[in-house]
Each structure stands twice: as C-alpha cells, then as structure tokens.
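*Asks:* Just so we're aligned: the sequence shown equals residues 17 to 424 in this note's numbering.
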Amino acid sequence: MNVLVVLEHRFLRTPDGAVWSTSGCAYPFWARYRDVFDSVRIVARAAEVPEAKPGWLRVDGPGVSVAAIPTYVGPRQYLLRRGEVRRAVRDAFVPGDAVILRVGSVLADALLPRLREMNYPYGVEVVSDPWDVFSPGAVRHPLRPFFRRWFVHRLKEQCLGASAAAYVTESALQRRYPPAANVFSTGCSDVELPREAFSDFPRPHRNLSNGATIITVGTLEQLYKAPDVLVDAVGLAVKDGLDLRLVFVGDGQYRSWLQERADKAGLAGRVRFAGWLPVGAGVRHELDQADLFILPSRQEGLPRAMIEAMARGLPCIGSTVGGIPELVPEDDLVPPNDARALADKIRDIVRSPARMEEMSIRNLHKAGEYREEVLAGRRRTFYRQVLEITRSATGRIGTMAPIAGAVK
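The following block contains the structure:
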C-alpha cells in the first residue's frame, strides 16, 4: 500500500523535476515510511528555482515522490491562490492509499472535506502547536489573535477525527490536542539521530576564563524560537559582567533586524550568524565549539535542535513551552519572553563549571532515549495501524460503518 503524507514544509523544485530542502525533511526522513508502505507521495508546497545550491538536500528518490502544491507565503498569498491550492491537494489523493496528515496544517484542511465525504480514515502526526505558534511576539500580524483561536480549533478537530495519532511529545501536545477515545496513540519524536550524532563522552570541566560561547539553532524567518529574547538576555548578562559570545545557526528575514538589536544591546562583535549549515557534520561542528545551548522558544513541539545539542553533551537551557520540559529539568528552564530570567539563568550556569558538567552528563544520557533504534519501533507501529485501518476500509468506501475516530 502507498501512503500520502500532507505537510506544511516548503520545498524547492529545479527544472529537472528534482525536489530539494534547505533544512531537514530530506530523502532519509521519508524513506522511514517505506519500512511499512510500498511508496510515499509527499503533498507540500514547492517553489520553482533555476538550480540547486550547495548544501541543499534531495527530497525525492526511489519510492518517494512529491506532489508539488502551488507555493504561497503567508495568509494573503494563500487566499489569492486558495482555490488552486485546494484543488491540487485533492487531486493528489488516490482512494486506496493510506493518508497521514502532519499537523497543524492548512493543506490538511484542504483534504479533510474529501475524506469526510468518503468516510475515509487517516492518521495524524502532531508536530506543532498553533497556540504557541501564534502567541504574542511569535508572529507579527494584525490577525494573530484570530489565527491563534482558529488554528487551535482546527487542530483539535483534526486530532479528534483521526483513526490513529502520533505526537512528537510524550504528553504535552496530547493534553491540548487529544485523539478520540479508543484510538491508537503514541508519543514518538521525529528527530533523526544516527550513531555519529552522539558524543562518546560527556563534557569535562571547561575553563571559561576567556569567555563562554552560547549557541542556538533554528529559523530566523519568524520569531518562534525567540532569538530576540536571547539577544536581549545575552546583552543583560554581558552588562552583569559575563564575557559571552553568541552564535546563531539558521537564517531568515529577521537576521539583519537581530544584528541591529544585538548592536543596540551592546553586543557588537560578540554575535556571529553562521547561516544555514549542512545537516549533520556542519551543525555538529558548531555545537562542539560552543559551551551552552539555549532555546528560549515561544513555540515548540519537541525541539530536534535541542536533542541534537544534548547528544553532543552540551548543557542546555530552554523555555517552559511545548515539549521542552520533557527534555530538561525544571532548574534548566525559564518562562518564555523573559530576558531577565534567562540572563540570570545564564549567569548561574556559566559561573558553575560543576553544574555544567552535571548537565552534560544528564543531557547525553537523555538524548540516548531518542536514538533511531529506540524510536523506529514506535514509528513502525503507528504506520502499521494506519495501514491496517486503511486496508480494512478500502473496498467499503461509501457503505462502511463509521470507523472509530474517523472524520464525521
């Protein structure tokens, strides 16, 4: 059986038909679905580009194809192309295929009416939380409060209508967006951690007399990861007497704005923007040069970047948002949007080498729970549930009795 996977990721397509990603969701990610399914068809936006750039990752390949949806960025462009987009999503669906929706997702909503008409089962992979995505400060749009309520409502409906559900968190997203009663549900991160992603040993005491390097990894296209809060906090910590440097791995429209903010915060010469780096060795090299990883996010599912940092034995600080509290203890957490609390946490940790060593040991051990060999079994169980539910429904479409959890 084939599987159709609908998601919000934006890909790039070259004239030869090849599909590329600048960050994650490359071919190995999709090949995992083929542990259970015969082939994978991805439904996502794809912008046309003249050629692939160095460091881009190939998405399609043997058994993995992409049904490219007309690209758009933001609500206005979506509304202008809404009819075209929704038709393209519906046309990609072939009855008899299994359906998995990676939600929250606007594109998933485009397919749901068709699934309802057919009383057709589907699975969900819940990877983000619109309550946090559209929280104050995360998105700058006059309709942000409306979007927040609307997309939370839609995600709750998507989860309640699913015949099987997988969440990237163990409990955080499940509490806010529960599945229907008696529906298969599991917590399973979608992080990709090969053996080489793990450091062999925790980090020993480090001499920070020459200053400490803080690193964060994530998009700068929106303010979901709160890079502005991190800049403000590091600025406050430097004013408190700490010698700090800050490295951003990632890129986006807010890069120049953050550089200006850093200069105003007294961090001229202390901040480096590394841009997008090749997934794997490129990012690990930067992590290994740093002393402390910080992710003060306004929105998270379960942050892959933090797990990758933990796998390198890095001490980590995070916000109390999403699945971050599932990764690090309360002592290593701060409230979102609180630069002063984050600055104080940085000071307390950097001035305690023994604490940093303890954090390194604990984080490396915790990251081990997300090794591929640990997660693969949960993932396959979810895929098999979707396959079997679809198989039992196929051939009875239009006359079958309602399936537990199926859309109504």
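Virtual Cβ for every residue (Gly too), placed ideally from N, Cα, C.
(1) Mapping DSSP to helix, strand and coil, what is residue 111?
(2) Beta-carbon within less than 6 Å of residue 269's beta-carbon, same chain only, minus the 5 sequence neighbours each way: which residues are those?
(3) Checking the sheet assignment: what are the DSSP bridge partners for residue 425?
(4) Might you give, ordered along the chain, the residues of its own chain that have their beta carbon closer than 6 Å to the beta carbon of residue 395, omitting 5 neighbours on each side?
(5) Going by C-alpha to C-alpha distance, which of 124, 120, 94 and 95 sits closest to residue 108?
(6) Taking the C-alpha atoms as reference points, what is the distance between residue 232 and residue 279?
(7) Could you tell me the distance, in whole angstroms, from the CA atom of residue 129 to the CA atom of residue 224?
(8) Which of helix, strand or coil does DSSP assign to residue 26?
(9) Does the count of Cβ pairs from the stretch 44-55 and the stretch 72-83 closer than 8 Å reach three?
(10) DSSP beta-bridge partners for residue 335?
(11) Can you list, in chain order, the residues of its chain whose CB lies under 7 Å from that of residue 175, leaving out five sequence neighbours each side?
(12) In this structure, how does DSSP classify residue 379 when only helix, strand and coil are distinguished?
(13) So within the stretch 259-345, which uninterrupted beta strand (DSSP E) runs reach at least 3 residues, ignoring any that extend past its ends?
(14) Helix, strand or coil for residue 403, going by three-state DSSP, please let me know.
(15) Figure out for me which residue from 352, 385, 330 and 337 has the closest Cα to the Cα of residue 369.
(16) What are the start and end residues of the alpha helix (DSSP H) that includes residue 63?
(17) Which one or two residues does DSSP pair with residue 200 in a beta bridge?
(18) Nearest-angstrom Cα distance between residue 186 and residue 36?
(19) Decide if residue 421 is buried, meaning its Cβ has at least 16 other Cβ atoms within 10 Å, or exposed.
*Replies:* According to the structure shown:
(1) Strand at residue 111.
(2) Excluding positions up to five away in sequence, the list reads 237.
(3) Limits of the chain in this structure are 17 at one end and 424 at the other, which puts residue 425 out of reach.
(4) So the list reads 204, once near-sequence residues are dropped.
(5) Comparing C-alpha distances from residue 108 to each of 124, 120, 94 and 95 shows the shortest one belongs to 124.
(6) Taking the CA atoms as reference points, residue 232 sits about 18 Å from residue 279.
(7) Computed Cα separation, rounded: 58 Å.
(8) Three-state DSSP puts residue 26 in a strand.
(9) With the cut-off at 8 Å, the stretch 44-55 and the stretch 72-83 touch.
(10) 350, per the DSSP bridge assignment.
(11) Same-chain partners within the cutoff: 140, 142, 181, 193, 194 and 195.
(12) If DSSP states are grouped into helix, strand and coil, residue 379 belongs with the helices.
(13) Those beta strand (DSSP E) runs which fall completely within the stretch 259-345 and span 3+ residues are 260-265, 287-291, 308-311 and 332-335.
(14) Per DSSP, reduced to three states, the secondary structure at residue 403 is helical.
(15) Ranked by how close their Cα comes to the Cα of residue 369, the residues 352, 385, 330 and 337 have 330 in first place.
(16) Taken as a continuous stretch (DSSP letters only), residue 63 belongs to no alpha helix (DSSP H), being part of the beta strand (DSSP E) at 55-64.
(17) Residue 200 is bridged to 180.
(18) Approximately 31 Å between the Cα atoms of the pair.
(19) Note on residue 421: pLDDT 48, under 50, position unreliable in the model; the coordinate value appears next. The residue in question, residue 421, is buried, as its Cβ has 16 or more Cβ neighbours within 10 Å.
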